[in-house]
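For reference, the structure discussed in these notes is given below.
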Amino acid sequence: MEMVKERPLETLQEAGRRLRQEQRALTRRRFFKNRLAVLGGAITILMLLIAILAPVLSPYGPYDMVVADRLQAPSAAHPFGTDSYGRDVLTRVLYGARVSMSIGAAVAAGALIVGMAVGMLASYYKVLDNVLMRVCDGLSAIPSSLLAIAFMAALGASEQNVIISLVTVSFPAVARVARGAAMVVKEQTYVEAMRAAGAGSGRILLWHIAPNILSPVIVQVSFVFASSIITEAALSFLGVGVPVPDPSWGNILNEGKDVIYSAWWMILFPGLFTALAVLGLNIFGDGLRDFLDPHTN
Amino acid sequence: MEAEKILEVKGLSTSFRTERGVMKAIDGVSFHIRRGEILGMVGESGCGKSVTSQSILRLYDEKYQVKYGGEILFAGKDLLRLPEKEMQKVRGNDVAMVFQDALSSLNPVFTVGHQIMDTLRIHQGMKKAQAREKAVEMLRLVGIPSPEKRVDQYPHELSGGMRQRVMIAIALACQPKLLIADEPTTALDVTIQAQIMDLILDLNRKLHMGVMLITHDLSVVAEVCSRVAVMYLGQIVEEAGVNDIFDNPGHPYTRGLIRSIPRIEGEREKRLYQIAGTVPMLSQIPQGCRFAPRCPRATEACRAQMPDLVPVSGTQRVRCWHADGAPA
Amino acid sequence: MQANREVVLRAENVKKYFPIRGTLGRVVNNVKAVDGVSLSLLRGETYGLVGETGCGKSTLGRTLIHLTPATAGSITVEGRDLTKLTPKEMRKMRRRVQMVFQDPYTSLDPRQRIGDILLEMLEIQKIGGAGGERRALVMEILDKVGLRPEHFYRFAHEFSGGQRQRVGLARALILNPDLIVCDEPVSALDVSVQSQIINLLLDLQEERGLTYLFISHDMSVIRYTSNRVGVMYLGHLVEEAATDDLFALPMHPYSQVLLSAVPSANPHTKKQRIVLEGDLPSPINPPGGCVFHTRCPYAMGVCEKECPQMQAVMPGHRVACHLHSQQSAKEEPNHGV
Numbered sequence: 001m002e003m004v005k006e007r008p009l010e011t012l013q014e015a016g017r018r019l020r021q022e023q024r025a026l027t028r029r030r031f032f033k034n035r036l037a038v039l040g041g042a043i044t045i046l047m048l049l050i051a052i053l054a055p056v057l058s059p060y061g062p063y064d065m066v067v068a069d070r071l072q073a074p075s076a077a078h079p080f081g082t083d084s085y086g087r088d089v090l091t092r093v094l095y096g097a098r099v100s101m102s103i104g105a106a107v108a109a110g111a112l113i114v115g116m117a118v119g120m121l122a123s124y125y126k127v128l129d130n131v132l133m134r135v136c137d138g139l140s141a142i143p144s145s146l147l148a149i150a151f152m153a154a155l156g157a158s159e160q161n162v163i164i165s166l167v168t169v170s171f172p173a174v175a176r177v178a179r180g181a182a183m184v185v186k187e188q189t190y191v192e193a194m195r196a197a198g199a200g201s202g203r204i205l206l207w208h209i210a211p212n213i214l215s216p217v218i219v220q221v222s223f224v225f226a227s228s229i230i231t232e233a234a235l236s237f238l239g240v241g242v243p244v245p246d247p248s249w250g251n252i253l254n255e256g257k258d259v260i261y262s263a264w265w266m267i268l269f270p271g272l273f274t275a276l277a278v279l280g281l282n283i284f285g286d287g288l289r290d291f292l293d294p295h296t297n
Numbered sequence: 298m299e300a301e302k303i304l305e306v307k308g309l310s311t312s313f314r315t316e317r318g319v320m321k322a323i324d325g326v327s328f329h330i331r332r333g334e335i336l337g338m339v340g341e342s343g344c345g346k347s348v349t350s351q352s353i354l355r356l357y358d359e360k361y362q363v364k365y366g367g368e369i370l371f372a373g374k375d376l377l378r379l380p381e382k383e384m385q386k387v388r389g390n391d392v393a394m395v396f397q398d399a400l401s402s403l404n405p406v407f408t409v410g411h412q413i414m415d416t417l418r419i420h421q422g423m424k425k426a427q428a429r430e431k432a433v434e435m436l437r438l439v440g441i442p443s444p445e446k447r448v449d450q451y452p453h454e455l456s457g458g459m460r461q462r463v464m465i466a467i468a469l470a471c472q473p474k475l476l477i478a479d480e481p482t483t484a485l486d487v488t489i490q491a492q493i494m495d496l497i498l499d500l501n502r503k504l505h506m507g508v509m510l511i512t513h514d515l516s517v518v519a520e521v522c523s524r525v526a527v528m529y530l531g532q533i534v535e536e537a538g539v540n541d542i543f544d545n546p547g548h549p550y551t552r553g554l555i556r557s558i559p560r561i562e563g564e565r566e567k568r569l570y571q572i573a574g575t576v577p578m579l580s581q582i583p584q585g586c587r588f589a590p591r592c593p594r595a596t597e598a599c600r601a602q603m604p605d606l607v608p609v610s611g612t613q614r615v616r617c618w619h620a621d622g623a624p625a
Numbered sequence: 626m627q628a629n630r631e632v633v634l635r636a637e638n639v640k641k642y643f644p645i646r647g648t649l650g651r652v653v654n655n656v657k658a659v660d661g662v663s664l665s666l667l668r669g670e671t672y673g674l675v676g677e678t679g680c681g682k683s684t685l686g687r688t689l690i691h692l693t694p695a696t697a698g699s700i701t702v703e704g705r706d707l708t709k710l711t712p713k714e715m716r717k718m719r720r721r722v723q724m725v726f727q728d729p730y731t732s733l734d735p736r737q738r739i740g741d742i743l744l745e746m747l748e749i750q751k752i753g754g755a756g757g758e759r760r761a762l763v764m765e766i767l768d769k770v771g772l773r774p775e776h777f778y779r780f781a782h783e784f785s786g787g788q789r790q791r792v793g794l795a796r797a798l799i800l801n802p803d804l805i806v807c808d809e810p811v812s813a814l815d816v817s818v819q820s821q822i823i824n825l826l827l828d829l830q831e832e833r834g835l836t837y838l839f840i841s842h843d844m845s846v847i848r849y850t851s852n853r854v855g856v857m858y859l860g861h862l863v864e865e866a867a868t869d870d871l872f873a874l875p876m877h878p879y880s881q882v883l884l885s886a887v888p889s890a891n892p893h894t895k896k897q898r899i900v901l902e903g904d905l906p907s908p909i910n911p912p913g914g915c916v917f918h919t920r921c922p923y924a925m926g927v928c929e930k931e932c933p934q935m936q937a938v939m940p941g942h943r944v945a946c947h948l949h950s951q952q953s954a955k956e957e958p959n960h961g962v
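Just so you know, the sequences run in chain order A, B and C. Counting in our numbering, the first sequence runs from 1 upward without gaps. Counting in our numbering, the second sequence runs from 298 upward without gaps. Counting in our numbering, the third sequence runs from 626 upward without gaps.
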């Protein structure tokens, strides 16, 4: 009898799969209609590809110094020129993408997790709300780069510490968005229905509130990604970020500032890449918001 | 003697372009409204009753990609061929509209008096003092107590019923020839609903305007309307005087609707009558008669070809192949 | 006849106040949503709770099944007071008392498939083994409420309002409860769908011996669904009677007003309406004495001073009104049982 029951269910599962595929196709079409989001997404993917493929794309090693070739202007051998140690700037910028993008991504992921947790707990438990949100207020009252510099000064310069301090300064914004969205979702009848079923708070938070607030939070996180790239560059530029000689866009800029009048290429190319990455993420985030916001459709 | 027709809609169809292709929301809708009469437009959600009313005022023009067909004759002009500028003069002046949600239809940052005066100053070019006087008069007309005081209050200071009265006051300020009321009492409690319906009836008699009342509630229709049009899936399936609709419904859908409402008086059967099936989506309109898949009397002919809306007696028109004479 | 029927739920003097907090979280006032309601629900009956917006009927329904804790009073189910259960015991008790919600659009999680919503109910209450057994139970209940097996894989937004309400009903039924609180279950539905859902509710009741608390603002719907009716006004139960008695002979002035306002689906009857003066008073500062005296066409001196108690005027017919109270006895409210 079990067998008889199972068989129609299998074909049903197939029907379900087909249905899901159709829905996905429709969603895809809708997304690709949104030109900005597609452009931003393309730039971001390009940047990520560059970061991943840096060793393949680079003509030289990131630490290869050829003292004789110091501060050469862009040429066929060195399309982006060379720096004051004779290192290839193109290689440095490509490897810099690696450092900058991975820090950005790590900060985004960290801010997502911490921000979601803080925001949801604050929305759900009245007692925690005041404490957590006041901490967030405190953190966002100080300009984020200043705060990050202070953290770095206390923790010491390392890639890991850059991530920790950037997560600390950027999670409050995510938490606030998550809390706002969770406040709305937790008043929905389906959450009440779960309580009427006897579900505990953990289940409700993780399985019913979290998935339903993800959209606005992801949009916010894409902005965190972008701003962490800038802040990281700023920290490195000031010499408190990623320690030399590791390449990051901020580091290259920092080294370039001393020779700004003679070697414009050391400023231009890392600057351009930073701007492009940030721009890509920002328009992707904007596009994503329009796509996810039902009111704009 | 019959009063003049103030609105005549002929073969109106409205289509929207959507992601899933072009949707024809209403198809070949024809009816008229005479001076001083209340026409009830009934049907379930998705039947196109609101699309019909909004098409009359062309409220979709800016928000959607929309295509109209047919004619909407109002005061000798075809509204569908009027330029937008001319249309703006019609809206709120000759034809006024009252919506279901009075709270979101009123602007929260202006006093109710201000909002009535706005309409008067735009359409009638009144001076401020004169408009204010008229606003107070309108509030008194719609039965708001101490209108001199209320005129300076904000929408949130009023109860739901009062807000709907204000909406009606705004709608009637310019003495429109036609009032379109789209589910005006659906959001209100029964005791308030009764008051608002009495008000609309009373004003209709006093001001002698035409009223198009859009509602899903057949009981409301029975109480206030003189004529009724029943819509199903974008078409009018039956049109008749209110007594005919209830005493002698010609279309199986009308009959089903009337039988399925719980009644407040009279016999009470153990089970309510129910119409089989559900309303199909606009993208899946059935062949032939649109009601055939749910109809207890459907035959091959019904499934093959769509019937026209044909007169069966003096004022009754029915869209059904089996509508000749007495219902089964 | 009713006297020997088993009581499923007994509520005594239930109050639900929502505090209004001023600066520093001090309670400055209370919204008295439910203010001292006593009633009993008998096995297999439908108790209709009717009243206008803001009368507290929905809050009462939620309070009775402890979705929101009562401020005062006792609620007894199976001999146990819900207000005194530990959270863990209450979670178990949820199997016995379930709810169907008004808005079919917000009452289903948009990111869950219908099947998963129902499976989760069983998972929470640890009913049936994992996998096959629970799945079979879900399929059975889908069939019961008139949905097809393939709906298992659908999301709520793919359904019409009526189908969603069927899912809501399936969700309440799958735990096999004794009592279901139906909060305006058909108010958001079209007429033709409304009759389908009402019939489904009635069929399921007959088949499973369910008890319903049927909350509605619509007197006609109440008339078709309920065996007994309670009328609420501003947090108070003002009248309670068998359905036919209440519709034939409403005794409380407010019940009379309510009944006279309902439009009749018959164009030939022209009803004499009792027009109610003024607006509903605020539940923050309800009028002293009888809560209805500010709008009552028959208000007397005593109505301003004294709040009338529910008293039986006929067997099974209770009214809280000074017009019908016997001077002599101020009895304890009985529960119409």
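Ideal Cβ placement from N, Cα and C applies to all residues, glycine included. As the structure is a computational prediction, the values presented were derived from the model and not from experiment.
For Tyr858/C, the secondary structure class from DSSP, reduced to helix, strand or coil, is strand. Relative to Gly200/A, the option among Glu748/C, Tyr837/C and Tyr642/C whose CA is nearest is Glu748/C.
At a cut-off of 7 Å between C-beta atoms, Gly41/A does not count as an interface residue with respect to chain C. Residues Arg738 and Ile739 of the same chain have their beta carbon placed closer than 8 Å to that of Arg779/C, with the five preceding and five following residues left out of the count.
Ile823/C belongs to the set of residues whose beta carbon lies under 7 Å from a beta carbon in chain B.
For His453/B, the secondary structure class from DSSP, reduced to helix, strand or coil, is helix. The three-state reading of DSSP puts Val244/A in coil, since its state is none of H, G, I, E or B. If only uninterrupted alpha helix (DSSP H) runs of at least 4 residues are considered, those enclosed by the segment 541-570 of chain B are 549-557. Leaving aside the five residues that flank Arg773/C on each side, the residues in its chain whose CB is nearer than 8 Å to its CB run, in chain order, Leu767. Contact annotation: Pro79/A and Pro247/A have beta-carbon atoms that are not nearer than 7 Å. Note on His893/C: under 16 other CB atoms within 10 angstroms of its CB, so exposed under the neighbour-count rule.
In this structure, Met509/B places its C-beta atom within 7 Å of the C-beta atom of Ile330/B. Cβ neighbours of Gly661/C within its own chain (closer than 6 Å, five residues either side excluded): Asn638 and Lys640.
Interface annotation for the segment 456-477 of chain B against chain C: Ser456, Gly457, Gly458 and Met459, criterion Cβ-Cβ distance under 9 Å.
The C-beta distance from Ala37/A to Phe284/A rounds to 6 Å, short enough to fall under 8 Å.
At a Cβ-Cβ threshold of 7 Å, Arg668/C and Thr836/C count as neighbours. Glu255/A and Met266/A have their C-alpha atoms roughly 8 Å apart. Taking CB atoms only, Pro878/C has no neighbour in chain B less than 7 Å away.
When 7 Å is used as the limit between beta carbons, Leu743/C is near no residue of chain A, the shortest such separation being about 10 Å.
For Tyr570/B, the C-beta contacts it makes with chain C under 7 Å involve Ser820, in order along the chain. Scanning Val653/C, Gly676/C, Val806/C and Arg719/C for the CA closest to the CA of Gln727/C turns up Val806/C. Flagged as an interface residue toward chain C: Gln188/A, by a C-beta distance shorter than 7 Å. DSSP, read as helix, strand or coil, puts Asp479/B in strand. The beta carbons of Val306/B and Phe328/B sit about 5 Å from each other, so the pair counts as a contact at 8 Å.
For Leu814/C against Gly787/C, the beta-carbon gap comes to about 6 Å, under 8 Å, which counts as contact.
From the listed residues Ala937/C, Arg721/C, Asn824/C and Val675/C, the smallest Cα separation to Ser841/C is found for Val675/C.
Between Arg460/B and Ala399/B the beta-carbon gap is near 4 Å, inside 8 Å, which marks them as a contact. The CB of Ile561/B comes closer than 7 Å to the CB of Met844, Ser845, Arg848, Val887 and Ser889 in chain C, given here in chain order. Taking one beta carbon from each stretch, the segment 182-198 of chain A and the segment 154-170 of chain A have fewer than 3 pairs nearer than 8 Å; the two do not touch.
Here DSSP, grouped into helix, strand and coil, assigns Arg943/C to strand. Proximity to Ile441/B across Gln936/C, Gln934/C, Pro922/C and Gly903/C peaks at Gly903/C, based on C-alpha coordinates. Taking 9 Å as the upper bound on Cβ-Cβ separation, chain B lies near residues Ser785, Gly786, Gly787 and Gln788 of the segment 783-812 of chain C. Interface with chain C (7 Å Cβ-Cβ cutoff): Thr488/B is included. By the neighbour-count definition (other C-beta atoms within 10 Å, threshold 16), Arg20/A is an exposed residue. Boundaries of the beta strand (DSSP E) around Met509/B: Gly507 to Thr512.
In summary, Ile45/A is exposed, with fewer than 16 beta-carbon neighbours lying within 10 Å of its beta-carbon over all protein chains present.
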